[in-house]
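Read left to right, the sequence shown gives residues 341 to 967 (the working numbering).
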Amino acid sequence: MNLYKKKYRVLSSILLGLFLSLSVVLMWYQNHQKTEASRAVNINETGELLVQQFQKRVLGSINTLENLKSRLEITNGDYFEYWEYDASLIIDQNPSFLLVEWIDTNMIIQRVEPMEGNEEAIGLDISNLDYRRSDWERARDQSHINFTHWLELVQGPSAFLVDAPVYFEGKFQGTITAAMDFAQQFNAIMEGLDQYHVTLKDENGVIFYESGEKPSVNSKKKFESTIPLRRANLNSGNWAFSLVPNRIYESEQSDWGLNLNLVLGILLSVLASVLFFFMQTAYSAQREANNANEKIRALIGSSPMAIYAIDSEGTVTDFWNKAAEELLGWSKEEVLGHFMPHVADEKKEEYKKLMADIMKDGGLRNKEIVRTRKDGSQVYLRLNVGRMVEDKVYGQLMLVTLEDITVEKEYREKLENSVHEKEVLLSEVHHRVKNNLAIIIGLIELQKQGLESEKLKMILKETQNRMYSIAGVHELLYNTDNFTEITFEEYAIKLIDRIRTMFDSQEQEVVISHRFETKRLNINQAIPLGLLLNELITNSFKHAFDEGKKGEISIRLFEENDMIKAEYSDNGKGVDKDFFKSSNTLGVTLIKTLLSQIGATYELVGGEGFHIKFQFNVKGRGSHSNL
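This is the structure:
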C-alpha cells in the first residue's frame, strides 16, 4: 500500500507539473512571436534610413568635386591658379577626400594635392593601367563623371576614384580625379548603432566598409538592399548594403523578461511535484549524516593515535579520544573547553608560531615536538594538524593527531651514532690505504736512487705514477663525506698535472685540454678509469710526438642516457688499429685490461694521430656495487 501511495503521489505531481508548464510555454510563445515581428519592422526601418544617409553622403561628396570642375570650366582654366588651395580646402573640410589629382589629356597625372605621401603619383601614365584606362576614356568620351569600383592606389591605400572631365575653350582639357574613402563619414552615421553589423560591397562584390561586431552565427534577422549611385551625368555601379543584428543587439533586445517569466513559471509548476522528494532527500541525508558522524566518532574513539579538535585559540572543543587520555594523562572532561594542558607555559610561543603556519598553509604535517604529560614527564610526539569546517561557536576548527615517537627517537639517535662511528672508521681505512701506498711509492723512490739505467728509472717512475692514481682516489675519499663516490674532475686534473710534471725534463712542448662533464663516479669505476687515463697520457708523452713538434692531447668525459662516454686523442704518430688489437706490450695490454674492467666498449677512430672513444654504463652507487 505504501508503494502504491508513493507512485500515485509521484504520478499526480508529474501531471500537474506538465499541465502548468505547457500553459506557461504557450503564453510565452505568443508573446515571443509578437516581439519578433516588432523587431523585424525596426530592423527594416533602420536599414532603409542608413541606405538614404549613406547615399546622401556619397552624392554630396561627388557634388563637391563637380563644384571644383565647374569653377575651372567657368573661368576657362584661370581657376588653376587657385587649384591647390581649393583642393586642400576640400580635403580639410570633407574627410571622404583622400587626394585630388589633375590628369591631362594624355592620361598623365600632372598635379596632386596633398603632395606629401603621393609623390609617386606625379607623372604616372594611367593608360598603362588596364583597370583605369577604359573607365577614364569613357568619362572623357561621354562627358560623364566616372565612379570606379574599390581599388588599391599606386601610392598605397585603397579608395574609390571619381573622374570629373573638364571642358573649356571648346575642347576636353583633362579630369579632376579624387580618391574617396567614406569610412569616416559612414562611421559618424553608425555612431550609436553598435548593435548592428553593417557591410558595404562595391559593384564587384568587394567589401569596402564594415561596422559593428559580427554576429556569432548567421542571423535570420537581416536587411539587405542596394545603394544606387545613379543620376544624370554619373557612371557608377550599385553598392550592396547589408545590416545584421549582432550580439549587442541580441543582448539589448533579449527576451530576458519573457524568458524569466517562462523559467519562473516552469519552476513554480514543477515545485509542487518535487517538494515531497526534496523533503525525503533532506530527511535521508540527515539520517546518513548522523550515521556518518557516529562512524567517525567510533573510528576516532578506537584509533591508537591521540586525536582531538581545537579552535584557533588552542581550546579543546571535541573528540579527545581514549588514546589521547592514555598518552597525555588528562581525561576528556578535564580538557573540553580549556586550553591544551600539555602545552607548558615555556612552549606557548612555539605553539603560536605553529598556529600561524597552520592558518597560512592550511595544515601541518609530521612536525616533531616535545610536550609534557600530566605526571610531568616529557614525551616526543609527531604532530599532524588539518583544518576542519567553520563552526558558528568556535570559529575555525582543526583536527589534531599525536603519535608517540619517544622509542623511535631513541632508536634514531642510536642509529645516527652508529653511522657516525662507521664513517670515522671508513675514513681511517682510506687514510691508511693512502699512507701505505705512499710508503710503497717512497720505497720505489729509494730503489731508483741506486739505479744507473734511465730506462729502469722510467719504468719505476711509471709504476709510481700508477700507484699515485690509486692513492689519489683514497685521498679524495678521506677528505669527503661521501665514501661511495668521488668528484672525478678534481682527481683527473691532479692526475694530469702529476704526469706532466714527470715528463717536464723532456724538451717537448705538450698542451693538454680537458673537459670533465660527469661530476661523480663510483669508486670501482674511478680507480680503473684513472689508471686508464694515466696509461693513455703516459703513452702519448713517450711514443706519440716527434722531437720539436708541438704535442696536443684532448680529453673529454661526459654522461648521456645513463652512459659514461669518453674521448681521448693526440696529434702524434698514431697507432695502427690491427697493431693495437694484437699488441702484447705492457702499455696496450693495461689499456685493454682496464677497458674490460670497467665494462667499456671502445672504438679507434681513424685519421691523424691517436684517437679512441669508449663508453660504459653508469654503475649503481656504493663501493661494492657491480651493477
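Glycine residues also receive a C-beta, built at the ideal position from the N, C-alpha and C atoms. Please read these numbers as outputs of a predicted model, since none were measured by experiment.
The Cβ-Cβ distance between Leu721 and Leu742 falls below 7 Å.
Distance from the CA of Ile839 to the CA of Lys693, rounded to the nearest whole angstrom, comes to 59 Å.
Under the three-state reduction of DSSP output, Asp534 falls in the coil class, being neither helix nor strand. In the DSSP assignment, Val928 falls within the alpha helix (DSSP H) that extends over Leu926 to Gln937. With 16 or more neighbouring CB atoms inside 10 Å of its own CB, Glu875 falls in the buried class. Counted as a single uninterrupted DSSP element, the stretch harbouring Lys707 is not any alpha helix (DSSP H) but the beta strand (DSSP E) occupying residues Gly703 to Thr712.
Within the model, the alpha-carbon separation for Asn527 versus Val546 is close to 19 Å. Between the stretch 367 to 378 and the stretch 630 to 647, the count of Cβ pairs shorter than 8 Å is below three; the stretches do not touch. Distance from the Cα of Gln955 is smallest, within the candidate group Trp579, Gly702, Ile430 and Thr858, for Thr858.
Between Trp579 and Leu604, the C-beta gap is not smaller than 7 Å, which leaves the two residues out of contact. Per DSSP, Ser428 is one residue of the alpha helix (DSSP H) stretching across Trp423 to Gln433. For Gly891, the three-state secondary structure derived from DSSP is strand. Taking a C-beta distance under 7 Å as the contact criterion, Val506 and Met520 do not qualify as a contact pair. By the Cβ-count criterion, Met699 is exposed, with fewer than 16 other Cβ atoms from all chains shown falling within 10 Å of its own Cβ. With a cutoff of 7 Å on beta-carbon distance, Ser361 and Ser609 are scored as near each other.
Following the DSSP letters along the chain, one finds Ile485 inside the beta strand (DSSP E) bounded by residues Ile485 to Phe487. Out of Asn468, Phe487, Thr566 and Thr827, the CA that lies nearest to the CA of Ala866 is found in Thr827. In summary, Val538 is buried, with 16 or more beta-carbon neighbours lying within 10 Å of its beta-carbon over all protein chains present.
The beta-bridge partner set that DSSP reports for Ser793 is empty. In this structure, DSSP gives Asp503 an extended state, which the three-state scheme calls strand.
Within the same chain, Cβ atoms closer than 6 Å to the Cβ of Gln495 are found at Asn458, Glu460 and Ala461, the five residues on either side in sequence being excluded. With respect to the 7 Å criterion, Ile485 and Ala499 are not classified as neighbours on the basis of their beta carbons. Counted as a single uninterrupted DSSP element, the alpha helix (DSSP H) harbouring Ala479 occupies residues Asp470 to Gln482. With contact defined as three or more Cβ pairs closer than 8 Å, the stretch 668 to 682 and the stretch 704 to 717 are in contact. Between Asn434 and Ser410, the CB-CB gap reaches or exceeds 7 Å. When secondary structure is reduced to three states using DSSP, Leu491 falls in the strand class. Residue environment for Asn879: buried (at least 16 other C-beta atoms within 10 angstroms of its C-beta). For Asp658, the CB contacts under 8 Å within the same chain, skipping 5 residues up- and downstream, are Tyr648, Ala649, Leu676 and Leu737 in chain order. Rounded to whole angstroms, Val440 and Trp476 show a C-alpha spacing of 15 Å. In this structure Phe508 is not in contact with Glu421, their Cβ atoms being roughly 14 Å apart against a cut-off of 8 Å.
Of the residues assessed, Leu602 falls on the buried side of the cut-off, its CB having 16 or more other CB atoms within 10 angstroms. For Ser551, the enclosing beta strand (DSSP E) covers residues Ile547 to Ser551.
Secondary structure note for Thr941: it is in no alpha helix (DSSP H), and the uninterrupted beta strand (DSSP E) holding it is Thr941 to Leu944.
Setting aside the 5 residues that flank it on each side, Pro568 is surrounded in the same chain by Asn578, each with a C-beta closer than 6 Å to its C-beta; the list follows chain order. For Ile640, the closest of Gln626, Ala518, Leu872 and Trp660 by C-alpha to C-alpha distance is Trp660.
If you keep only unbroken alpha helix (DSSP H) runs of at least 4 residues inside the stretch 667 to 696, you get 672 to 675.
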